[in-house]
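What follows is a single structure, written as structure tokens, with notes after it.
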Amino acid sequence: MNEQERAESVRQCKWVDEVICPCPWVSTLDFMNTHNINYICHDNTPYIMGADITGDVYYPSKQAGRFLATQRTEGVSTSDLIIRMLISSNEFVRENKAKSGSSYSRYLKPLRQGFTSIKVNTLKP
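Counting from 1, one number per residue, gives the positions in the sequence shown under the UniProt record's numbering.
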């Protein structure tokens, strides 16, 4: 999903009042105050990508009492889902090739491009 699609999916959550898109990677207290943001919600594990010397991008909001820790769902992760979809697409190619003699699929190219985009975007700081 691109940025606009991700923003739209978050807008559909009944607990979300407003989505600010685009937004900075690190939400400072100034940004939160400017946009009247009460809390940042994320799992409690320190998130180091883009962090300052504290080693946690959420440290300022935690110290200000404006951070709510969420719980991860055991056994569910974005990385695992992407890997499972890639494996499924490889199986689809093998099955299609066995049936028709060709591995071509009009669905496969956009699917793989989407996975590549997801991998690239999740690695960006």
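Note that CB positions come from ideal geometry on N, CA and C, so glycine has one too.
Residue i classed as buried or exposed, judged by whether at least 16 other C-beta atoms fall within 10 angstroms
i           : result
residue 39  : exposed
residue 125 : Low per-residue confidence applies at residue 125: pLDDT is 48, beneath 50, and the placement is therefore not dependable, though the value from the model is reported in the following sentence. Classification for residue 125: exposed.
residue 57  : buried
residue 79  : exposed
Pairwise C-alpha distance: residue j and residue i
i          : j          : result
residue 36 : residue 30 : 10 angstroms
residue 53 : residue 82 : 32 angstroms
Check whether residue i and residue j have beta carbons under 9 angstroms apart
i          : j          : result
residue 64 : residue 41 : no
residue 21 : residue 4  : yes
Whole-Å CB distance - residue i paired with residue j, under 8 angstroms assumed
i          : j          : result
residue 43 : residue 6  : Contact flag wrong, Cβ pair sits at about 18 angstroms.
residue 25 : residue 50 : 5 angstroms
Under the three-state DSSP convention, the category residue i falls into
i          : result
residue 30 : helix
residue 70 : strand
residue 52 : coil
residue 43 : strand
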